[in-house]
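Quick note on numbering: this note's numbering labels position 33 of the sequence shown as 539, and the sequence is numbered without any gaps. From the three backbone atoms N, C-alpha and C, an ideal C-beta is built for every residue, glycine too.
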Amino acid sequence: MRIAHFGHSCILVELHGRKVLFDPGNFSHGFEGITGLDAIAVTHQHPDHIDPQRIEALIDANPGARLFSDPQTAALRGEAWEAVRAGAVVELGDLRITGGGGRHAVIHPDIPVIDNTVFQLGTADDPAQLVHPGDSLWVPSTPVGVLAIPAAAPWMRISEAVDYLRAVAPRIAVPIHFGVVAPEARGIYFGRLSEMGPAGTEFTTIDAEREREFAT
Numbered sequence: 507m508r509i510a511h512f513g514h515s516c517i518l519v520e521l522h523g524r525k526v527l528f529d530p531g532n533f534s535h536g537f538e539g540i541t542g543l544d545a546i547a548v549t550h551q552h553p554d555h556i557d558p559q560r561i562e563a564l565i566d567a568n569p570g571a572r573l574f575s576d577p578q579t580a581a582l583r584g585e586a587w588e589a590v591r592a593g594a595v596v597e598l599g600d601l602r603i604t605g606g607g608g609r610h611a612v613i614h615p616d617i618p619v620i621d622n623t624v625f626q627l628g629t630a631d632d633p634a635q636l637v638h639p640g641d642s643l644w645v646p647s648t649p650v651g652v653l654a655i656p657a658a659a660p661w662m663r664i665s666e667a668v669d670y671l672r673a674v675a676p677r678i679a680v681p682i683h684f685g686v687v688a689p690e691a692r693g694i695y696f697g698r699l700s701e702m703g704p705a706g707t708e709f710t711t712i713d714a715e716r717e718r719e720f721a722t
């Protein structure tokens, strides 16, 4: 598995011969020139997860890519987009994509809750080799290899991030969704997750516009 991070929640995952780009939003950078994608996956409709000013150019540059999203985003963006609901299974060559979750975390009781699909990548025997939860704290029912864990968000306290990491207990945790935090302050969030995560979980960061390789 190879993962590149393009800021905030945007990661490029290469797994089982397929390339999937997640959440190319307006806090992310460097994904604009990517070609050869097999899929673009969007967890939900917020602009920090799908940039309305740049998404069409990305799609044009990747005409063979399938477009996956939560149901509400698919309805908003048109028939080219495939809605992936909780429990849905999509085969992309040798890569299996399984939908999970379904709802965005509550920001405030006065703000309507929108759809949010958790994307799990893997195989039939090992479906959660990578999990991108978007803006949710949904816990998969199967063992997780790499968890792209939201490190900071307006809808989440540090304690909730730590508890989520403990509940999932992945083999590896890679922080995402920290574009809302000044670079000088990110160590506060990363430190808590690294120090307070479960035994057996490796916490590691990926520098902006860099990639790391992980065993599956």
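Please return the same chain residues whose Cβ sits closer than 7 Å to the Cβ of residue i, not counting the five positions on each side in sequence.
i       : result
Val-645 : Ala-673 and Val-674
Pro-702 : Before going further, note that residue 702 is Met rather than Pro in the sequence given. Only Val-668 meet the Cβ criterion.
Pro-577 : Ala-589, Arg-591 and Asp-621
I believe residue i touches residue j by the beta-carbon criterion, under 8 Å. Please report the beta-carbon distance rounded to the nearest angstrom.
i       : j       : result
His-683 : His-514 : 6 Å
Phe-709 : Met-507 : Their Cβ separation, rounded to whole angstroms, is 17 Å, which puts Phe-709 and Met-507 out of contact at 8 Å.
Ile-655 : Pro-681 : 6 Å
Arg-457 : Asp-600 : Absent from the structure is residue 457, since the part of the chain shown begins at 507 and ends at 722.
Val-686 : Pro-660 : 7 Å
Thr-549 : Gly-640 : 3 Å
Leu-636 : Gly-651 : 6 Å
Ile-540 : Ile-565 : Incorrect: roughly 11 Å between the Cβ atoms, too far for contact.
Arg-663 : Thr-707 : The pair is not a contact, with the Cβ atoms about 20 Å apart (cut-off 8 Å).
Ala-611 : Ser-642 : 5 Å
Ala-630 : Arg-602 : 6 Å
Leu-627 : Leu-521 : 6 Å
Leu-582 : Gln-551 : 6 Å
Only counting the same chain, and skipping five residues up and downstream in sequence, which positions put a Cβ closer than 8 Å to that of residue i?
i       : result
Arg-716 : Ala-510 and His-511
Asp-557 : Pro-530, Gly-531, Asn-532 and Ser-534
Gly-536 : Phe-512, Gly-513, Ala-714 and Glu-715
Pro-689 : none
Ala-592 : Gly-605, Gly-606, Gly-607, Gly-608, Thr-623 and Val-624
Ala-657 : Ala-667, Pro-681, Ile-682, His-683, Phe-684, Val-687, Arg-692, Tyr-695, Phe-696 and Leu-699
Taking DSSP's pairing of strands, which residues face residue i in a bridge?
i       : result
Asp-732 : Residue coverage of the chain in this structure runs from 507 to 722, which leaves residue 732 outside it and unanswerable.
Ile-517 : His-511 and Phe-528
His-638 : Phe-625
Met-662 : Ala-659
Pro-765 : Here the chain covers residues 507 to 722 and nothing more, so residue 765 does not appear.
Glu-717 : Ala-510
Thr-708 : It should be pointed out that residue 708 corresponds to Glu in this sequence rather than to Thr. Paired residues: Ile-678.
Thr-648 : Answer is none; Thr-648 lacks a bridge partner.
Val-595 : Thr-604
Please return the same chain residues whose Cβ sits closer than 6 Å to the Cβ of residue i, not counting the five positions on each side in sequence.
i       : result
Leu-543 : Lys-525, Leu-527, Asn-568 and Ala-571
Leu-518 : Ala-510 and Leu-527
Ala-580 : Trp-587 and Ala-589
With contact counted as at least three CB pairs below 8 Å, one residue from each stretch, are the region 611-620 and the region 586-596 in contact?
-> no
In chain order, which continuous runs of the beta strand (DSSP E) of length 3 or greater are located wholly inside the region 518-588?
-> 524-528, 545-548 and 572-575
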